[in-house]
Amino acid sequence: MRWSRYFIPTLKEEPAEAEVISHKLLLRAGMIRKLTSGIYTYLPTGWKALQKISAIVRQEMNRFHGIELLMPAVQPGDLWMESNRWDAYGKELLRFKDRHGRDYCIGPTHEEVITDLIRREIKSYRNLPLNLYQIQTKFRDEIRPRFGLMRCREFIMKDAYSFDMDDPGASRSYEGMRQAYVSIFEKLGLRFRAVEADSGAIGGSFSHEFMVLAETGEDTIATCTDCDYAANLEKAEVTCQGPDCDECSMPAERVSTPGLHTVEEIAGFFNVSPDRIIKTMLYNADGKPVAALIRGDRELNEIKLKNILDVQTLTMATKEEVEKWSKARVGFAGPVGLKVSRIVADLELQFDTDWVTGANETDFHLRHVDLRRDAQISGYFDLRTITEQDPCPRCEGNIYLTKGIEVGHIFKLGTKYSQAMKATYLDENGREKLIIMGCYGIGVSRILAACIEQNHDQNGIIFTPAITPFEMVVIALNIKDDLVREKVEKIYEHLKGLGIDVLLDDRDERPGFKFKDADLIGSPVQIIVGAKGIKNGVFEVKIRHSGERMEIPMEYFSTQIARIRNEVLVHYGLSKNNNYL
Ligand code: ATP
Ligand code: MG
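Below is the structure:
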């Protein structure tokens, strides 16, 4: 590709609208442009990078027995009502009516459509197992679309669905996809981690997320230093054991605490540390009042709470709800005498006593509270978010927290959809059985952003060789010089002949301007050709990731290009045999 005839509208200025580095650089490198909130046009180099990502995804999906198809983006509401997700999916589902007044949505995911297809087409055990996938545009009306391609409303996803006869088969399918994902992210040259995760609105029983490690990631990952345990913070288990404690020796006592609200204020007043205080957090769970108890120095994990309560919607109680349910102003709720439908407590509250809690009366707290003696607790559960002070739930090793960007998510669905939508098959004995399903997503467009979050410097993007729109850029220092023009054309043709995706910067611009643009668009290798070098029989090469520059004699062009190419592959953990293109 010749830059002068191509379309890469780079920007010199920082775009004001962008907060995170990948968004800034995607705009500045001329890869994307915003149409409206959370909806982007992929410009030629952006699209080229996405196609490279898709090619690797396809290659590995096919290798692990996936079969590609393409389903419609527009889906009938009826199917979503059948699976009971029409209401449960909430506002992220973009709904509309057609001219006949029938309900439709734009697919945020395709479990319903594929289950409908399978229940019509698959009749016998002979047709199973099956794994079908597509690479397609999805729409989710995200509450806060942000960070460019990281959290869009319209984005590209690879979604795969597996269908098996039984649980062992479903586990094999899941394991195959896990391996395919590992292979995909390795070939993309990204540093990543597979972690245990929550299943969210997709449902199902078991899931792993694939996280690209980057400081700017929205997700936090809890990893063990000693074993291979890694989990999303939303999910990471906190274990807690201890001997049963004796009943508190003193009776609960009501104490006037006017105007004290925060844990610190209350701890100060009672002259105890925050871990002696119980926070009583009130929630509206599917319309019912629920209280969750947690130690004053801990953080409640709402995802764990929602899973434990097994409800569709969980929202923090409003000021009015708190006042109605606790009969006191906000800040004075407590478990003793509280009239709510359930009171659940964090595990560690089970092994201790003599707590300070709210008294369900404005300006009063209770001390010497014994939960077993004084309150009606429905159960003790793992309710809090893990910290670096907690032991690994598997091996008791140390936990450390890192940041990641979720680029893939695999789920064991079991019979959630096949049951709701009656997707069955006949086994060897002619008995009708439910198909066991799995689903597997990859955020193809989010990968592009994640790659940049992980690989950039102050001058621009540093693409991995698998994702870069152009593997090499040839920079002509003065294109008006006939010798230079002749030489770069030769080099350009030669590199193309080697199967290298190369961009020739043949624009009539100053060298400094071209160097800046080349750094910005992030090709792994830059080849710089000027009149002086030609006279001396050399050309210059710059390796983008290390910034290393070297002069190479023209006569060794081919061998040196092969060596440099290999060096770049090795840097990203890829070998020469790795067929990433
Ligand atoms: P998140 O927690 O980030 O909202 P999710 O759990 O809703 O993600 P899935 O339903 O598992 O996502 O979708 C599969 C993949 O699609 C995700 O792993 C992610 O890479 C990508 N993805 C999801 N939502 C978006 C979005 N709004 N913009 C871009 N990519 C997305
Ligand atoms: Mg989501």
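Under the numbering used here, the first residue of the sequence shown is numbered 3, with each subsequent residue one higher.
Glycine included, C-beta positions come from ideal geometry on N, C-alpha and C.
Note that the structure is predicted; figures quoted are calculated from it, not measured.
Each residue's CA atom was taken as its position, placing M439 and L428 some 16 angstroms apart. Cβ neighbours of P555 within its own chain (closer than 7 angstroms, five residues either side excluded): G539, V540. In this structure, the C-beta of T43 stays at least 7 angstroms away from each heavy atom of the ligand ATP.
Following the DSSP letters along the chain, one finds H411 inside the beta strand (DSSP E) bounded by residues 401-416. DSSP lists I529, M552 as the beta-bridge partner residues of V543.
Within 10 angstroms of the beta-carbon of D312 lie fewer than 16 other beta-carbons, which makes it exposed.
DSSP assignment within the segment 192-265 yields the following whole beta strand (DSSP E) runs of 3 residues or more, N-terminal first: 194-198, 208-215, 221-226, 232-234, 255-258. Annotated as proximal: A330 and T364, with beta-carbon spacing under 8 angstroms. Residue pairing by DSSP places C107 opposite Q77, R97 in a beta bridge. Comparing alpha-carbon positions, the option among M474, R487, V490, K516 lying closest to N568 turns out to be M474. Across the set R142, P513, N303, G339, the C-alpha of P513 shows the shortest separation from the C-alpha of N480. Checking the 7 angstroms criterion, the Cβ of M439 is out of range of every heavy atom belonging to the ligand ATP.
P395 and R297 have their C-alpha atoms spaced approximately 20 angstroms apart. Under the DSSP assignment, W5 falls outside any alpha helix (DSSP H); it carries neither an H nor an E label. If you draw a straight line from the Cα of F66 to the Cα of F383, it comes to about 39 angstroms.
One thing to note: I55 has its Cβ within 8 angstroms of the Cβ of I449. Taking V338 as the centre and dropping the five residues before and after it, the same chain places the C-beta of A254, T359, A361, N362, L368, V371, D376, A377 closer than 8 angstroms to its C-beta, in chain order. For E16, the CB contacts under 7 angstroms within the same chain, skipping 5 residues up- and downstream, are K26 in chain order. When Cβ pairs closer than 8 angstroms are counted between the two stretches, the segment 101-110 is seen not to touch the segment 119-130, the count staying below three.
Within the same chain, F212, V214, G445, R448, I449, A452 come within 6 angstroms of V409 by CB-CB distance, once the 5 residues on both sides are set aside. Residue pairing for M283: DSSP places it in a beta bridge opposite A294. Note: I345 is bridge-paired with A293 in the DSSP secondary-structure output.
In the three-state scheme derived from DSSP, where H, G and I count as helix and E and B as strand, Q352 is classed as helix.
Distance between P393 and E70, taken at the CA atoms: about 43 angstroms. The beta-bridge partner set that DSSP reports for N133 consists of S164. According to DSSP, residue pairing for Q138 in a beta bridge involves M159. Take K516, set aside five residues on each side of it, and the residues of its chain with a beta-carbon closer than 6 angstroms to its own are I477, D507, in chain order. Relative to the ligand ATP, even the nearest heavy atom lies 7 angstroms or more away from the CB of R369.
With respect to L302, R386 sits close: the two C-beta atoms are nearer than 8 angstroms.
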